[in-house]
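First residue of the sequence shown: 9, per the working numbering; consecutive thereafter.
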Amino acid sequence: MNMITCPYCGTELLDQQVNYYCSFCEMAIPSASIQYNHEREQIFNDFDLCQDEFMLDLYINKRTEELLQLSTYELLYVLRHLRAQRSEIYKSLHTFKNAQVTEYTEEAGKLYEESTKRMFVVENILRQRLGYVPSRVTENFLSKYKEMILKDKGTAMVIRKKRVINQKMGYNNK
Ligand SMILES: [Zn+2]
């Protein structure tokens, strides 16, 4: 049978009808966050989508609500491309300004403001998660981050009580 457990510490949860309660964490756990049999919460990283250049525009022009749902890896990826896109827009804005093409200047100005705001959004979501705004996100940084995610400790939170107690009391099982 499946045991309903805490996503943070693996303790069996108490059913409180509306939600659940963890006696170790001393807090309510919403039904959407509960895990089974001491499993850790699944973190979804869409590496495939991040590699699809055709999907890039769709990916980096998400609404704030959608950006909030992305994994940290995806947000770093989005930030990298948003910054590149923004500096391209900035360059063309200056070209139009210098050439005195008012219509294009206005259009590019609007785009520049939009991409700046979107960049702020992604920076601030990352700041909440990491505690800082990453100054530069390089391809190398992303691939190292991905490597760490793939090596993530995803094993169930099972405590082998017998072995711990025996070691504490100095028993020798050999
Ligand atoms: Zn807990």
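Heads up, the beta-carbon is just placed ideally off N, CA and C, and yes, glycines get one too.
Unbroken alpha helix (DSSP H) stretches of 4 residues or longer found wholly inside the region 130-173: 147-158, given in chain order.
Ile68: not part of any beta strand (DSSP E); member of the alpha helix (DSSP H) spanning Leu64 to Ile68, first to last residue.
The Cβ atoms of Arg126 and Ile68 lie closer than 9 Å to each other. When the alpha-carbon of Asp54 is set against those of Tyr112, Leu158, Ala36 and Tyr98, the nearest one is in Leu158. Per the CB criterion, closer than 6 Å to any heavy atom of ligand 1, the qualifying residues run in chain order as Cys14, Tyr16, Cys17, Thr19, Cys30, Phe32 and Cys33.
Checking the DSSP bridge columns, you'll see Thr13 partnered with Glu20 and Gln43. If you look at Ile37, you'll find it in the beta strand (DSSP E) that goes Met35 to Ile37. Counting along the chain, the unbroken alpha helix (DSSP H) around Phe104 starts and ends at Thr80 to Ala107. Spatial neighbours of Thr110 in its own chain (CB-CB distance under 8 Å, excluding positions within 5 residues in sequence) are not present. With contact defined as three or more Cβ pairs closer than 8 Å, the region 72-85 and the region 146-158 are in contact. Close CB contacts of Thr103 within its chain, under the 8 Å cut and outside five residues either way in sequence, are absent. For Leu76, no alpha helix (DSSP H) encloses it, and the DSSP letter there is neither H nor E.
By a beta-carbon distance limit of 8 Å, Ile133 contacts Leu83. Their separation comes to about 6 Å. Your pair Ser100 and Ala116 checks out as a contact, with CB atoms roughly 5 Å apart and the cut at 8 Å. Taking C-beta separations shorter than 7 Å and ignoring five residues to either side along the sequence, the partners of Leu90 in its chain run Ile68, Ser123, Arg126, Met127 and Val130, following chain order. Shortest Cα-Cα distance from Thr19 to any of Cys30, Val26, Asn10 and Met9 involves Cys30.
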